[in-house]
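Worksheet: one structure, shown below.
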Amino acid sequence: MLLISCPWCGEREETEFHYGGQAFVAYPADPESLSDEEWAQYVFFRDNPKGAFAERWVHSAGCRRWFNTVRDTVTNEFQS
Amino acid sequence: MSLRRSPLAGYPGITEIPFLTMVNVRVRPTGDAAARISERLGGPLPVVPNSVVDAGSRHILMLGPDEWLVVGPDGDTGLPDLLREPSASVVDVSANRTTIEVRSRDLLEHGCTLDLHPRAFHAGRCAQTMIARTQVILWQTSDEPVYRLLVRGSFATYLADWLSDATGSTSSTG
Ligand SMILES: [Zn+2]
Numbered sequence: 000m001l002l003i004s005c006p007w008c009g010e011r012e013e014t015e016f017h018y019g020g021q022a023f024v025a026y027p028a029d030p031e032s033l034s035d036e037e038w039a040q041y042v043f044f045r046d047n048p049k050g051a052f053a054e055r056w057v058h059s060a061g062c063r064r065w066f067n068t069v070r071d072t073v074t075n076e077f078q079s
Numbered sequence: 000m001s002l003r004r005s006p007l008a009g010y011p012g013i014t015e016i017p018f019l020t021m022v023n024v025r026v027r028p029t030g031d032a033a034a035r036i037s038e039r040l041g042g043p044l045p046v047v048p049n050s051v052v053d054a055g056s057r058h059i060l061m062l063g064p065d066e067w068l069v070v071g072p073d074g075d076t077g078l079p080d081l082l083r084e085p086s087a088s089v090v091d092v093s094a095n096r097t098t099i100e101v102r103s104r105d106l107l108e109h110g111c112t113l114d115l116h117p118r119a120f121h122a123g124r125c126a127q128t129m130i131a132r133t134q135v136i137l138w139q140t141s142d143e144p145v146y147r148l149l150v151r152g153s154f155a156t157y158l159a160d161w162l163s164d165a166t167g168s169t170s171s172t173g
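Those protein sequence lines, which keep their order, are chains A and B. Using numbering that gives the first Met the number 0, the letters of the first sequence map in sequence onto residues 0 to 79. Using numbering that gives the first Met the number 0, the letters of the second sequence map in sequence onto residues 0 to 173.
What follows is the structure, given as structure tokens:
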């Protein structure tokens, strides 16, 4: 069980949260000009680092706010 | 009035405080609208997370950085109109939840993962969390302690069943 720190509510158990995947995946600036492959890259492809990973989480059972955080994928330690 | 029926009417062994008036307010915390709302309430919108401001017969619970729940007594029908502002969302959510009063920290700790010890949680604190896997707003009103659980109507009997069951297990283990 992870203890996750919500910026608004403080430390709460993992069961109160939902995972939102990689953070900072920007919507394409010029969507009409994208090829199918570029769309696939945007929609389906994500980094999978061993170590620090910036992710989105939502505190669904609490304040229902989305926030960004950095988790170490090796140790599960939250760094921010 | 006689047609009203609260979710836990007649439920044995549970203290329900039915029909409290609840208004959800979403507004930019630093704007004029928020200032007018708090002036009319006679108390500031709390900006400390998980805290409650006592405004006479009403209480203001902070739910998020731009969201509050104002709780008034049963029959406080003027409350939504009192808070109405063009640049705020003010919604009467009284029918969304009912309120259960609990007077035992030990009992809540059977199904709540928050630290409810007085060093971490005390009167004037609130939290949106899970108790027995059900989403509630937990609000401590007195250090005796007295807690209020604001639970959605359709989950109220489940939570009441769980509380009754857990009461049995706390009393048997002392
Ligand atoms: Zn939160």
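Here a beta-carbon is modelled for each residue, glycine too, at the ideal position from N, C-alpha and C. Predicted model, so just to flag it, every value in this text is computed and none were measured.
> To the nearest angstrom, how far is it from the Cα of residue 139(B) to the Cα of residue 83(B)?
Replying inline: 27 Å
> Should residue 58(A) be counted as a contact of ligand 1 given a C-beta to heavy atom distance under 7 Å?
Replying inline: yes
>> Please list the terminal residues of the continuous alpha helix (DSSP H) segment that includes residue 42(A).
In response: 35 to 43
> Under the DSSP definition of a beta bridge, which residues are partnered with residue 78(A)?
Replying inline: Answer is none; residue 78(A) lacks a bridge partner.
>> Looking at the secondary structure, which residues open and close the alpha helix (DSSP H) in which residue 46(A) lies?
In response: Note, residue 46(A): premise wrong, no alpha helix (DSSP H); not H, not E.
> Is the region 15 to 29 of chain B close to the region 59 to 76 of chain B, with three or more CB pairs under 8 Å?
Replying inline: Contact check between the region 15 to 29 of chain B and the region 59 to 76 of chain B: three or more CB pairs, one atom from each, fall below 8 Å, which counts as touching.
>> At the level of alpha carbons, what is the spacing between residue 15(A) and residue 93(B)?
In response: 24 Å
> Does residue 61(A) get closer than 8 Å to chain B when you measure Cβ to Cβ?
Replying inline: Residue-level contact by beta carbon holds for residue 61(A) and chain B, with a gap shorter than 8 Å.
>> I want to see whether chain A comes within less than 8 Å of residue 117(B), judged by CB atoms only; does it?
In response: no
> So, helix, strand or coil for residue 38(B), using DSSP?
Replying inline: Reduced to three states, the DSSP call for residue 38(B) is helix.
> Is the beta carbon of residue 61(A) within less than 7 Å of some heavy atom of ligand 1?
Replying inline: yes
>> With a threshold of 8 Å, are at least 3 pairs of Cβ atoms found where one atom belongs to the region 124 to 138 of chain B and the other to the region 34 to 44 of chain B?
In response: The answer is no - the region 34 to 44 of chain B does not touch the region 124 to 138 of chain B, with fewer than three Cβ pairs under 8 Å.
> Residues of chain A with CB under 8 Å from residue 62(B), in chain order?
Replying inline: 62
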